[in-house]
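>
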Amino acid sequence: MHHSLWIALFFALLLAGCQSAPSQQVSANEHQPDEVEPVESANVSPNSVGGETGRSQASDAPASFETWLAEYRRHAAAQGISEATLTSALDGVRYRPRVLELDRSQPEFVRPIWQYLDTAVSQTRVGEGRARLDEHRDTALRMQERYGVPAEIVVAIWGIESNYGGNFGDFSTLEALATLAFDGRRRDFARGELLAALRIIEAGDIEPQRMIGSWAGAMGHTQFIPSSFESYAVDGDDDGRRDIWKSIPDVMASTANYLAQAGWRPGEPWGVEVSLPSGFDYAQTELNTRYASHEWAAQGVRPIAGGRLPDFDQASVIAPAGAQGPAFLVGPNYRAILRYNNATSYALAVGTLAERIAGREGIRSAWPRDEQPLSRSQVRELQQALN
Numbered sequence: 105m106h107h108s109l110w111i112a113l114f115f116a117l118l119l120a121g122c123q124s125a126p127s128q129q130v131s132a133n134e135h136q137p138d139e140v141e142p143v144e145s146a147n148v149s150p151n152s153v154g155g156e157t158g159r160s161q162a163s164d165a166p167a168s169f170e171t172w173l174a175e176y177r178r179h180a181a182a183q184g185i186s187e188a189t190l191t192s193a194l195d196g197v198r199y200r201p202r203v204l205e206l207d208r209s210q211p212e213f214v215r216p217i218w219q220y221l222d223t224a225v226s227q228t229r230v231g232e233g234r235a236r237l238d239e240h241r242d243t244a245l246r247m248q249e250r251y252g253v254p255a256e257i258v259v260a261i262w263g264i265e266s267n268y269g270g271n272f273g274d275f276s277t278l279e280a281l282a283t284l285a286f287d288g289r290r291r292d293f294a295r296g297e298l299l300a301a302l303r304i305i306e307a308g309d310i311e312p313q314r315m316i317g318s319w320a321g322a323m324g325h326t327q328f329i330p331s332s333f334e335s336y337a338v339d340g341d342d343d344g345r346r347d348i349w350k351s352i353p354d355v356m357a358s359t360a361n362y363l364a365q366a367g368w369r370p371g372e373p374w375g376v377e378v379s380l381p382s383g384f385d386y387a388q389t390e391l392n393t394r395y396a397s398h399e400w401a402a403q404g405v406r407p408i409a410g411g412r413l414p415d416f417d418q419a420s421v422i423a424p425a426g427a428q429g430p431a432f433l434v435g436p437n438y439r440a441i442l443r444y445n446n447a448t449s450y451a452l453a454v455g456t457l458a459e460r461i462a463g464r465e466g467i468r469s470a471w472p473r474d475e476q477p478l479s480r481s482q483v484r485e486l487q488q489a490l491n
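Counting from 105, one number per residue, gives the positions in the sequence shown under the working numbering.
1. To the nearest angstrom, report how far apart Glu-256 and Glu-465 are at their CA atoms.
2. Report back the beta-carbon spacing between Ser-449 and Tyr-220 to the nearest angstrom; my notes put them in contact at under 8 Å.
3. Rounded to whole angstroms, how far is the Cβ of Pro-436 from the Cβ of Gly-367, which I believe are closer than 8 Å?
4. Thinking Leu-452 and Pro-414 are a contact (beta carbons under 8 Å), I'd like their distance in whole angstroms, please.
5. Do Ala-280 and Gly-321 have their beta-carbon atoms positioned less than 7 Å apart in this structure?
6. Where do the N-terminal and C-terminal ends of the beta strand (DSSP E) with Ile-261 fall, by residue?
7. According to DSSP, is Arg-406 helix, strand or coil?
8. Would you list the residues sitting across from Ser-420 in a DSSP beta bridge?
9. Return the chain-ordered list of same chain residues with a C-beta closer than 6 Å to the C-beta of Arg-166, the five sequence neighbours on each side being excluded.
10. Look at the alpha carbon of Ala-419 and the alpha carbon of Phe-286, and state the distance between them as a whole number of angstroms.
11. With Gly-296 as the anchor, note down where its alpha helix (DSSP H) starts and where it stops.
12. Less than 7 Å between the beta carbons of Val-454 and Ala-260, yes or no?
13. Counting only the same chain and skipping the five closest in sequence on each side, list residues whose C-beta sits under 7 Å from that of Asp-339.
14. What is the rounded straight-line gap between the Cα of Pro-216 and the Cα of Gln-365?
15. In angstroms, rounded to a whole number, what distance separates the CA positions of Gly-233 and Trp-374?
16. Do the segment 296-315 and the segment 242-250 meet, that is, are 3 or more Cβ pairs less than 8 Å apart?
17. Would His-325 be called buried (16 or more neighbouring beta carbons within 10 Å of its own) or exposed?
18. Can you tell me whether Thr-283 is buried or exposed? The criterion is at least 16 other CB atoms within 10 Å of its CB, across all chains shown.
19. For Met-323 versus Val-258, is the C-beta spacing smaller than 7 Å?
20. Taking a contact to mean a Cβ-Cβ separation below 7 Å, would you say Ile-305 touches Pro-330 in this structure?
21. Could you tell me the distance, in whole angstroms, from the CA atom of Val-421 to the CA atom of Ala-174?
22. Let me know the secondary structure DSSP gives Pro-126 once reduced to three states.
23. With distance defined between alpha-carbon atoms, name the residue in Arg-208, Arg-236 and Ser-192 nearest to Ile-461.
24. Alpha carbon to alpha carbon, what distance is there between Val-197 and Glu-144?
25. Assuming Val-355 is part of the alpha helix (DSSP H), what are its boundary residues?
Written as structure tokens, this is what we have:
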């Protein structure tokens, strides 16, 4: 195939892939980037898991769900979950058809990154982020000092994950995960997360009725899946519980701790918007191509705002929309954000929102907004052509 066609196909796939799903193994959550918009709700009160909506949905449950749940309960008991926890957590747990609908649905077209960023880094979200940072400044700065993660980064994740707590979903996490474990696309994964959720309840961090979140099992203000909660959640207010549903100190400490454990380097930025020289080899614009900043500078890469590049020892150039859109030099802290949610668009949104919350400039260069989004069938065809 002609080299130029390979490059064209590469960038088409790069643009299509900018909304890639997060990694199951390392992500704090199971969100697709599009879920920056209001989280799909079960329309049930957090304190009424067995309410009217629950009864109407339960009528659609296969008879085998109750059999499966009883078997899973025995499995959880064998893993050390007490009978008291099993009773409080699983008695009355209902099958949720809506969870499966959301698990199996995909939009016809891949959402362009600029449309995602328009929502994720809206002026409203920037203003609210500044207000929340002012409101919780003492806590945010205390966690910044403790973990080395800038307060504006933590607040940006909070804003993107749940609109600063305005909507982190109202699905029962136990019901969502039980439904996914019974009949979802990734049953083994959901079974493990359900067991982790039971261990969280066993530890006394949260009551079953308050364990709410997204349809995918992501919980609280910054949308931790249960296994990530177990590994990274922190009691930031020293009350003996890790409560990412109500305690802002716990939310900020847990989020900062996650990024610190993911390799965040204190004192380094996540990245910077850059200009690329004429004739730049765009085949280099991917995260696995890494050079020190001075080596990129030798190729003609320059900060778009002027001055010198950040002093990264392992930096990559990314151009999420190809040669017609903005380019960025990103370092280890960008990759730490990707550990939270493994999508280019997400990490770029967090970094950009953080810059704006801190009063710095956003993205200068224009996106190619006249480009048409690719359908998922087109993405598959391009992937096959490249294989």
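Using N, Cα and C, we set each Cβ at its ideal position, and we do this for glycine too.
Short version:
1. If I take the Cα positions, the gap works out to 14 Å.
2. Under the criterion of beta carbons closer than 8 Å, Ser-449 and Tyr-220 qualify as touching, at roughly 5 Å.
3. Indeed they touch by this definition, with Cβ atoms about 6 Å apart.
4. Contact flag wrong, Cβ pair sits at about 16 Å.
5. Going by C-beta atoms, Gly-321 is nearer than 7 Å to Ala-280.
6. Where Ile-261 is concerned, there is no enclosing beta strand (DSSP E), although the alpha helix (DSSP H) around it starts and stops at 255-266.
7. Three-state DSSP puts Arg-406 in a strand.
8. BP columns for Ser-420 point to Val-434.
9. The residue asked about is misnamed: residue 166 is Pro in this sequence, not Arg. Closer than 6 Å at Cβ, skipping near neighbours: no residue.
10. Taking the straight line from one Cα to the other gives about 43 Å.
11. Where Gly-296 is concerned, the enclosing alpha helix (DSSP H) stretches over 291-306.
12. Their beta carbons are under 7 Å apart, which means Val-454 touches Ala-260 by this criterion.
13. So the list reads Arg-345, Arg-346 and Asp-354, once near-sequence residues are dropped.
14. The straight-line gap from Cα to Cα measures roughly 31 Å.
15. Spanning the alpha carbons of Gly-233 and Trp-374 requires a straight line of approximately 18 Å.
16. No, because fewer than three Cβ pairs between the segment 296-315 and the segment 242-250 fall closer than 8 Å, the two stretches do not touch.
17. His-325 comes out buried.
18. Per the 10 Å Cβ criterion, buried.
19. Cβ distance not < 7 Å, so Met-323 and Val-258 don't count as in contact.
20. Contact flag unset, no.
21. C-alpha of Val-421 to C-alpha of Ala-174: approximately 51 Å in a straight line.
22. Its pLDDT being 37, under 50, Pro-126 is placed unreliably by the model, and the measurement read from it follows with that caveat. Residue state for Pro-126 is assigned as coil, using DSSP reduced to three classes.
23. Just measuring C-alpha positions, the residue of Arg-208, Arg-236 and Ser-192 sitting nearest Ile-461 is Arg-236.
24. Confidence is the limiting factor: at Glu-144 the pLDDT is only 39, short of 50, which leaves the residue's position unreliable and the question unanswerable from this model.
25. In the DSSP annotation of this structure, the continuous segment of the alpha helix (DSSP H) that includes Val-355 starts and ends at 352-365.
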